[in-house]
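Asker: So that we are looking at the same thing, I have put the structure below in structure tokens.
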Amino acid sequence: MNAQPGMPGFPLKVAVHEMPKGPQPHLKETAFTPSWPAPDPRMLCTELPPAPELPLREVLGPRLAQWVEDAAESKGAPADYVFAAMLAAAGATIGNTRWALIWQGWAEPPIIWTMCIGLPSAGKSPAIDAAIQPLRKAERPMREAAKAELNAWTEKAEIANLTEAAWKGAAKAAIKVGEAAPERPKGCDIGLPPHIPRLVVNDGTIERLGAILARQPRGTLQMRDELAGWLEGMQRYAGGGTDRPFWLEAFGGRGFTVERMGREPLTIDRLSIGVLGGIQPDRLKTLLFKSDDDGLLARFLPIWPNPAPLKRPQAWADEAMMEGALARLLTLDLATDEQDETRPWFIPFTDDARALMDDFRLAVRGWESEAEGLMLSFLGKLPGLSARLALVLGFLDWAAEGAEEPASISVQHFGRAAHLVEAYFLPMARRAYADAATPKAERAARRLVGIIRKQGWQRFNSRDVMRLDRSGLGNKAELDPALALLEDGDCIRPVEPTVNPQGGRPQRLFTVNPALHGGDNVKMA
Numbered sequence: 000m001n002a003q004p005g006m007p008g009f010p011l012k013v014a015v016h017e018m019p020k021g022p023q024p025h026l027k028e029t030a031f032t033p034s035w036p037a038p039d040p041r042m043l044c045t046e047l048p049p050a051p052e053l054p055l056r057e058v059l060g061p062r063l064a065q066w067v068e069d070a071a072e073s074k075g076a077p078a079d080y081v082f083a084a085m086l087a088a089a090g091a092t093i094g095n096t097r098w099a100l101i102w103q104g105w106a107e108p109p110i111i112w113t114m115c116i117g118l119p120s121a122g123k124s125p126a127i128d129a130a131i132q133p134l135r136k137a138e139r140p141m142r143e144a145a146k147a148e149l150n151a152w153t154e155k156a157e158i159a160n161l162t163e164a165a166w167k168g169a170a171k172a173a174i175k176v177g178e179a180a181p182e183r184p185k186g187c188d189i190g191l192p193p194h195i196p197r198l199v200v201n202d203g204t205i206e207r208l209g210a211i212l213a214r215q216p217r218g219t220l221q222m223r224d225e226l227a228g229w230l231e232g233m234q235r236y237a238g239g240g241t242d243r244p245f246w247l248e249a250f251g252g253r254g255f256t257v258e259r260m261g262r263e264p265l266t267i268d269r270l271s272i273g274v275l276g277g278i279q280p281d282r283l284k285t286l287l288f289k290s291d292d293d294g295l296l297a298r299f300l301p302i303w304p305n306p307a308p309l310k311r312p313q314a315w316a317d318e319a320m321m322e323g324a325l326a327r328l329l330t331l332d333l334a335t336d337e338q339d340e341t342r343p344w345f346i347p348f349t350d351d352a353r354a355l356m357d358d359f360r361l362a363v364r365g366w367e368s369e370a371e372g373l374m375l376s377f378l379g380k381l382p383g384l385s386a387r388l389a390l391v392l393g394f395l396d397w398a399a400e401g402a403e404e405p406a407s408i409s410v411q412h413f414g415r416a417a418h419l420v421e422a423y424f425l426p427m428a429r430r431a432y433a434d435a436a437t438p439k440a441e442r443a444a445r446r447l448v449g450i451i452r453k454q455g456w457q458r459f460n461s462r463d464v465m466r467l468d469r470s471g472l473g474n475k476a477e478l479d480p481a482l483a484l485l486e487d488g489d490c491i492r493p494v495e496p497t498v499n500p501q502g503g504r505p506q507r508l509f510t511v512n513p514a515l516h517g518g519d520n521v522k523m524a
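Numbering (numbering that gives the first Met the number 0) for the sequence shown: 0 to 524.
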């Protein structure tokens with residue numbers, strides 16, 4: 000039995016050709032378009048996660064919140080940068096004078112590391128200056144008093160040196176004639192020179208920082224305008240790889256011994272250094288993929304807001320208010336124990352705050368189950384970070400808002416800190432670590448989607464991709480997993496290769512889902 004025109008299995012052109020002569024209804028030839036389901040949205044996710052909104056007035060008192068907003072406007076920078084700089088500066092200023100005691104055996108220093116991420120024009124440095132300059136001004140009276148003491152000590156030292164020289168001469172003469180040497184005068188011993196405070200350090204070596212902290216048990220703040228060079232230097236042994244253990248301990252306030260060439264080592268009971276600085280997105284991305292997963296990067300709070308609008312400032316920050324708040328924090332002293340050793344005052348959590356910490360730790364455990372790599376390391380530090388933030392926010396209330404000095408960390412203190420972490424710092428970290436938190440093959444697949452769109456490819460083969468020599472897609476071992484993911488995600492389909500009459504391996508050809516170019520997914524029976 001002959002097949003009839005229009006029946007399945009017959010090309011439309013053949014069917015028309017074999018129709019009997021005579022008047023026939025007009026038939027239009029239609030090109031076949033394959034049906035496509037919607038592509039996997041994960042493969043199309045080429046943009047950053049959105050920047051969260053800073054809940055400024057939910058976590059700060061009115062005076063501090065207004066200062067952050069005004070400082071940000073006057074500097075032409077996002078309030079996020081100013082807020083981050085203020086937290087790091089305040090935490091380092093409190094330093095080892097006060098630690099949060101969650102319960103027996105778990106205490107946290109107020110040390111906070113913040114990383115302001117943005118393009119060179121984002122206003123990172125001016126925003127950081129808004130918090131650093133008041134700290135330098137608050138430090139100035141301390142430095143001037145110490146310098147006056149140092150001048151007086153220097154005069155005494157000159158007399159002590161003369162006394163020492165005279166005694167040595169007398170002792171030498173007595174010994175020469177067989178007499179007993181005179182006792183060494185007490186005036187030869189005038190002690191160590193007074194310490195000049197260094198509350199902010201810009202580029203200190205480990206040995207120099209050790210010398211500062213051996214005389215300054217409170218701690219200090221390291222401010223780096225550009226963090227990338229410092230962090231990259233710690234990847235290289237010769238350029239500072241041995242510094243890494245020092246900085247890992249500096250975040251936690253643990254004891255550390257600094258070895259010095261040709262001199263006695265320095266032992267620091269509580270190594271506490273805040274860190275604050277800026278970094279460009281591309282430099283951060285390089286670090287994310289090259290860094291050792293030892294938790295150093297995960298100690299930073301990454302702050303990557305949207306750029307501030309370009310406008311002439313209409314407000315100016317109350318610098319005297321912030322200077323006064325930091326000066327008040329500088330009045331906090333360490334405790335002295337029975338052995339005449341200094342130590343922090345431990346500020347305990349209330350029972351209600353501990354109960355809320357239990358709930359918060361359970362929430363973190365849930366977030367950890369969906370994370371890996373650097374994000375997992377960051378999440379693991381959130382309970383301790385939230386305790387630090389609660390302490391810093393509580394003492395900022397006292398220093399700037401007229402509240403009582405905290406004798407304990409209440410559920411209100413910790414509640415604000417936990418809210419800040421969950422609503423702001425966690426989504427900000429997901430934004431900053433988006434590339435590092437994505438599996439390698441998925442990153443390559445997303446990059447390939449971007450190439451397909453940019454090149455306008457409706458069809459392509461694997462050689463087309465490799466010829467472009469793009470990072471992560473330059474060879475078969477890198478490209479194949481990306482192609483497989485895009486196939487599984489209905490973004491591309493393999494096309495049956497045409498047999499080459501001259502032989503040789505056929506090219507791997509793929510057709511592209513029109514949705515990748517903004518087209519419709521036409522479905523035909």
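Quick reminder that beta carbons are idealized off the backbone N, C-alpha and C, glycines included. As the structure is a computational prediction, the values presented were derived from the model and not from experiment.
(1) Please classify T113 as buried or exposed, where buried requires at least 16 neighbouring CB atoms within 10 angstroms.
(2) Buried or exposed: T153, going by 16 or more other Cβ atoms within 10 Å of its Cβ?
(3) To the nearest angstrom, how far is it from the Cα of A402 to the Cα of A389?
(4) In three-state terms, what does DSSP make of R97?
(5) Tell me whether the region 65-80 and the region 118-127 touch, counting them as touching only if at least three CB pairs, one residue from each stretch, are closer than 8 Å.
(6) Using the Cβ count rule (16 or more neighbours within 10 Å means buried), how would you classify F288?
(7) Evaluate contact between the region 92-102 and the region 333-349, counting only Cβ atoms and requiring at least three cross-stretch pairs below 8 Å.
(8) Just tell me which of L447, P480 and A483 has its CA closest to the CA of R466.
(9) Compute the beta-carbon to beta-carbon distance between E107 and R387, rounded to the nearest angstrom, for a pair I have assumed lies under 8 Å.
(10) For the beta strand (DSSP E) that contains T113, what are its first and last residues?
(11) Check each candidate in S385, G379 and E371 and name the one with the smallest Cα separation from M356.
(12) Rounded C-beta distance between H418 and G393? I'm assuming under 8 Å.
(13) Among L295, P382 and T92, which residue has its Cα nearest to the Cα of L134?
(14) Going by beta carbon distance, what residues of the same chain come within less than 6 Å of A370, once the five residues before and after it are set aside?
(15) Here's the rule: buried if 16 or more other CB atoms are within 10 angstroms of the residue's CB, otherwise exposed. What is P196?
(16) With a 10 Å radius around its C-beta and 16 neighbouring C-beta atoms as the bar for buried, classify R217 as buried or exposed.
(17) Just to confirm before moving on: does the CB-CB distance between A76 and A307 stay below 8 Å?
(18) Please report the straight-line C-alpha distance between K123 and G186, rounded to a whole angstrom.
(19) Based on DSSP bridge pairs, tell me the residues matched to V200.
(20) DSSP puts W105 in a beta bridge; with which residues?
(21) Exposed or buried, R41, counting other C-beta atoms within 10 Å across all chains shown (16 or more means buried)?
(22) Rounded to whole angstroms, how far is the Cβ of N460 from the Cβ of L508, which I believe are closer than 8 Å?
(23) Would you mind sorting H25 into buried or exposed? The rule is 16 or more other CB atoms within 10 Å of its CB.
(24) Considering only the beta carbon of each residue, do G117 and W303 sit closer than 8 Å?
(25) Looking at the ligand NAD, does it come within less than 7 Å of L388, judged from the CB to the closest heavy atom?
(26) By how many angstroms is the C-alpha of A352 removed from the C-alpha of G414?
(27) Going by DSSP in three states, G294 sits in which element: helix, strand or coil?
(28) Please classify A180: does DSSP put it in a helix, a strand, or coil?
(29) Relative to the C-alpha of R183, which candidate in G190, K175, A169 and L265 has its C-alpha closest?
(30) In chain order, what residues of the same chain have a beta carbon less than 6 Å from the beta carbon of N305, not counting five sequence neighbours either side?
(31) Report the residue from P343, G517 and L381 whose alpha carbon sits nearest the alpha carbon of L361.
(32) Count the other CB atoms, across all protein chains shown, that sit within 10 Å of the CB of I110; report buried if there are 16 or more and exposed otherwise.
(33) Under 8 Å between the Cβ atoms of G294 and L270?
(34) Could you check which residue in W397, A165 and K171 has the C-alpha nearest to that of P61?
(35) Nearest to R445 by CA position, among G473, A481 and M141, is which residue?
(36) Where do the ends of the beta strand (DSSP E) carrying W344 lie?
Answerer: Walking through what the data contain:
(1) buried
(2) exposed
(3) 15 Å
(4) strand
(5) yes
(6) exposed
(7) yes
(8) L447
(9) 5 Å
(10) W112 to I116
(11) S385
(12) No, H418 and G393 are not in contact; Cβ-Cβ is about 14 Å, not under 8 Å.
(13) T92
(14) L378
(15) buried
(16) buried
(17) yes
(18) 52 Å
(19) Q221
(20) W102
(21) exposed
(22) 5 Å
(23) Bear in mind that a pLDDT of 45 at H25, under 50, signals an unreliable position, so the number given afterwards is only what the model happens to contain. Exposed, by the Cβ-count rule.
(24) yes
(25) Judged by which ligands are present, the structure shown has none, so any question about the ligand NAD falls away.
(26) 8 Å
(27) coil
(28) coil
(29) A169
(30) A50
(31) L381
(32) buried
(33) no
(34) W397
(35) A481
(36) W344 to P347
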